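Undergrad:
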Amino acid sequence: MSARLLRSVCTAALAVLAAIPCTAPAGAAPVPDDGAPRSVSALLTDMRKLYQQAEEATEDYNATEVKLKAQQAKVKNVGAGLTGARESLVRSRAQIGQLARQQYQGSSELSSYVELLLADDPQHALDQKHLMDRAQQDRLSTVARFTNGERRADTLAAQSRKVLAEQQALAAKQKKQRDTVRTKLTDVEKMLASLTAEQIAAIAEREEADTDKAQEKLITSGALGDAAPEPETNGDAEPETSPEAGTQTVPDTATRSASASRSLRAPSANGGKALDYAVKQIGKPYLWGAEGPEAYDCSGLTSRAWARAGVNVPRTSQQQWAELPKVKLSELRPGDLVVYFPKATHVAMYLGDGKVVHAPRPGSRVKVSPLASNPLLGAVRPDPGAEPMDAESYKPPKLPPGATKGSDTGNNTRAGDVSRT
């Protein structure tokens, strides 16, 4: 859709909405205290805020999930060590008991010095002394093993109690975060349920217009460097109105391919594999906390895609932003991860040509969107030391039909999206 036509549609939608009232259930607050209808801009702002809060809560949940898995592994290791220590202690106790019985039965040897004095054969007595010294050393070793075993078992038992308590605390924290996500998504549901179909359509139009404006500003700013896509390129190949003739035209395939080849850098070999995987997930639903293969949240998609390429990256968008090497937007190559919002609560994978593939938000599906579809924070590269493939021979992954379709407003959110346990 051309910018001129889009502005006309949005203007008409706003005019229609001026007379449409909206009611608000508790928690959604689409109508101010004075009873006046909310503007499309205000409704969109509220909805974006709710979605951002839900995604922030989701990434907090994911971070706790990572810690909980690590803690569970720690509990398992400590438990195995404690079991081994206790089994060893049982054996040591048996040996100590045997020594005690020998002492009680008077089977302990006389002083080697006395035996030496009374012996008929002094050389034999010296040989016996050597054997008795060895036996004495064995007894001392048995006692030492028992003592050390008791000390180790006590230490591991205390450590086991500590790591188990930490695991329980993480589990309780995760449950609280899960409830927070559900509450945030329920707030979104309530708000969407309070709107008419016309209002939802108008919000989608407004969001699309805002995204187009942000994308055009990003491209024309030169922030993407020499590989910036041409502003007039329409990735969806939808009809455009020719200002000269007033007729609709569609850019031919050759023109689009030439434009794309000029604007694309090549990924690394692993980056290409990660991107291929991500593109194959297009159309699968967003589900908070999901890491595939049936559904994904934003960081679940990016971490899974790179893992399939043989490169392990942190699970959450905040960890990916904090731990992976930063890369300038002007140096973006396909496969790099683009991070959004001040708190790094959303992440996408750079496709090239000014586009990303991502799991946008609840109620949506994995899709291709403009790079500026959300407020940019920056970008990171999972394999900074890898050389890119040859740009001339690189062929971008083929997108499935409708890869760019679907609104990012998430207006298909249903109860199933908030029932994850």
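Residue numbers (the working numbering): 708 to 1128. Quick reminder that beta carbons are idealized off the backbone N, C-alpha and C, glycines included. No experiment lies behind these values; they were computed from the predicted model shown.
Examine the Cβ distances between the stretch 747-762 and the stretch 887-895 and report whether three or more of them are shorter than 8 Å.
TA: Output reads yes: the stretch 887-895 touches the stretch 747-762.
Undergrad: What is the rounded straight-line gap between the Cα of residue 1070 and the Cα of residue 1086?
TA: Cα-Cα distance, rounded: 25 Å.
Undergrad: On the three-state DSSP scale, how would you describe residue 1083?
TA: Strand, per DSSP.
Undergrad: Among 747, 1105, 1094, which has the Cα closest to the Cα of residue 914?
TA: Ranking the options by Cα distance to residue 914, first place goes to 747.
Undergrad: What number of angstroms, rounded off, separates the C-alpha of residue 955 from the C-alpha of residue 1002?
TA: With a pLDDT of only 36 at residue 955, under the threshold of 50, the placement of this residue in the model should not be trusted; the figure read from the coordinates follows. For residue 955 and residue 1002, the distance between alpha carbons rounds to 38 Å.
Undergrad: Note the first and the last residue of the continuous alpha helix (DSSP H) segment covering residue 1059.
TA: Residue 1059 -> not in any alpha helix (DSSP H); beta strand (DSSP E) instead, spanning 1053-1059.
Undergrad: Is it buried or exposed for residue 1019, if we count other Cβ within 10 angstroms and need 16 for buried?
TA: Exposed: under 16 other Cβ atoms inside 10 Å.
Undergrad: Could you check whether the stretch 1071-1086 touches the stretch 1028-1045, counting it as contact only if at least three pairs of C-beta atoms, one from each stretch, sit closer than 8 Å?
TA: Yes: the two stretches touch, three or more of their Cβ pairs being nearer than 8 Å.
Undergrad: Report yes if the CB atom of residue 1013 is closer than 8 Å to the CB atom of residue 981, and no otherwise.
TA: Yes, they are a contact pair.
Undergrad: Run the CB neighbour count on residue 881, radius 10 Å, all protein chains shown included, and call it buried at 16 or more, exposed below.
TA: Buried, by the Cβ-count rule.
Undergrad: Taking C-beta to C-beta, are residue 1091 and residue 1000 nearer than 8 Å?
TA: Not a contact, by the Cβ cut-off of 8 Å.
Undergrad: If you follow the alpha helix (DSSP H) that residue 982 is in, where does it begin and where does it stop?
TA: Run containing residue 982: 976-987, per the alpha helix (DSSP H) assignment.
Undergrad: If you run the structure through DSSP and keep just helix, strand and coil, what is residue 1022?
TA: Coil at residue 1022, not helix or strand.
Undergrad: Just the C-alpha distance for residue 1024 and residue 1053, rounded to the nearest angstrom, thanks.
TA: Distance between the alpha carbons of residue 1024 and residue 1053 is about 6 Å.
Undergrad: DSSP puts residue 745 in a beta bridge; with which residues?
TA: Looking at the DSSP assignment, residue 745 forms no beta bridge with any residue, so it has no partner.
Undergrad: Going along the chain, which residues of its own chain have a beta-carbon closer than 7 Å to the beta-carbon of residue 1110, five neighbours each way excluded?
TA: Excluding sequence neighbours, residue 1110 sits near 989, 1074, 1075.
Undergrad: Is residue 860 near residue 798, with beta carbons less than 8 Å apart?
TA: Cβ distance not < 8 Å, so residue 860 and residue 798 don't count as in contact.
Undergrad: Between the alpha carbons of residue 876 and residue 1007, how many angstroms are there, rounded?
TA: Roughly 24 Å separates the two Cα atoms.
Undergrad: Alpha helix (DSSP H) containing residue 1010: first to last residue?
TA: Unbroken alpha helix (DSSP H) run through residue 1010: 1005-1015.
Undergrad: Report buried or exposed for residue 975, applying the criterion of at least 16 other Cβ atoms within 10 angstroms of its Cβ.
TA: The residue is buried, with at least 16 neighbouring Cβ atoms inside 10 Å.
Undergrad: From the DSSP output, read off the bridge partner residues of residue 1074.
TA: DSSP lists 1065 as partners of residue 1074.
Undergrad: Under 8 Å by Cβ, that's how I've got residue 751 and residue 922 pegged, so tell me the actual separation to the nearest angstrom.
TA: Actually they do not touch by this definition, with Cβ atoms about 17 Å apart.
Undergrad: Please classify residue 1097: is it buried, with 16 or more other beta-carbons within 10 angstroms of its beta-carbon, or exposed?
TA: It counts as exposed.
Undergrad: May I ask you to report which of helix, strand or coil DSSP gives residue 1106?
TA: DSSP places residue 1106 in coil when its eight states are reduced to three.
Undergrad: Could you check where the beta strand (DSSP E) with residue 1044 kicks off and where it finishes?
TA: Here the beta strand (DSSP E) through residue 1044 covers 1044-1047.
Undergrad: Could you tell me which of 857, 897, 983, 785 sits nearest to residue 1136, measuring between CA atoms?
TA: Within the shown structure, residues of the chain are numbered from 708 to 1128, placing residue 1136 beyond reach of any answer.
Undergrad: Name the one or two DSSP bridge partners that residue 1034 has.
TA: DSSP, once it has assigned bridges, lists 1086 as partnering residue 1034.
Undergrad: Going by other Cβ atoms of all chains shown within 10 Å of its Cβ, with 16 needed for buried, is residue 896 buried or exposed?
TA: That one is buried.
Undergrad: Within the continuous alpha helix (DSSP H) that includes residue 998, where are the two ends?
TA: Segment: none, residue 998 is in no alpha helix (DSSP H) and carries neither H nor E.
Undergrad: What residue range does the alpha helix (DSSP H) around residue 972 cover?
TA: Looking at the DSSP string, residue 972 is not in any alpha helix (DSSP H), and its letter there is neither H nor E.
Undergrad: Are the beta-carbon atoms belonging to residue 867 and residue 791 less than 8 Å from one another?
TA: Cβ distance not < 8 Å, so residue 867 and residue 791 don't count as in contact.
Undergrad: Just to confirm my understanding: we take residue 1156, look at its own chain, exclude 5 residues before and 5 after, and list those with CB closer than 6 Å. What are they?
TA: Residue 1156 falls outside the range modelled here, since the chain spans only 708 to 1128, and no answer is possible.
Undergrad: Can you tell me whether residue 912 is buried or exposed? The criterion is at least 16 other CB atoms within 10 Å of its CB, across all chains shown.
TA: That one is buried.
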